[in-house]
Amino acid sequence: LVGEYVAENELETEVKRGCVKLDPFIANFVGDIKPGQLEVKKEYIYKNLEVNLIKCQLVSVLDE
């Protein structure tokens with residue numbers, strides 16, 4: 060889902076290779092952001108994704 064969000068909102072354009080522009084949605088996943096930081100490495104988002112998610116229900120596919 061995060062990859063689709065990044066692609067749909069063109070967050071990989073006009074940034075260094077392997078980085079993603081920060082927007083309010085993505086910033087919630089990153090956690091530690093320095094003041095004025097505009098981009099973050101893409102791998103850092105996925106690395107910290109589970110830690111920064113709000114606990115909620117788990118959805119799993121029962122029948123494909």
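Each residue of the sequence shown is one higher than the last, beginning at 60 in our numbering.
Idealized CB from N, CA, C, for every residue including glycine.
Model, not experiment: these values are computed from the prediction.
How about residue 97 and residue 75: do their beta carbons lie closer than 8 Å?
Working through the sequence shown from its first residue, we reach residue 97 at position 38. Working through the sequence shown from its first residue, we reach residue 75 at position 16. In this structure, residue 75 does not lie closer than 8 Å to residue 97 by Cβ.
From the DSSP output, in three-state form, read off residue 106 for me.
Taking the sequence shown and counting its residues from 1, one reaches residue 106 at position 47. Correct three-state label for residue 106: helix.
Residue nearest to residue 104 in terms of C-alpha spacing, selected from 67, 85, 121, 120:
By one-based count along the sequence shown, residue 104 stands at place 45. Of the residues 67, 85, 121, 120, the one whose Cα lies closest to the Cα of residue 104 is 85.
Give the secondary structure of residue 69 by DSSP, where H, G and I count as helix, E and B as strand, and everything else as coil.
As a first step, residue 69 is located in the sequence shown; it is residue number 10 there, counting from the start. Here residue 69 sits in coil by DSSP.
First and last residue of the uninterrupted alpha helix (DSSP H) at residue 89:
To locate residue 89, count along the sequence shown from 1; it is residue 30. Residue range 83–89 is occupied by the alpha helix (DSSP H) that includes residue 89.
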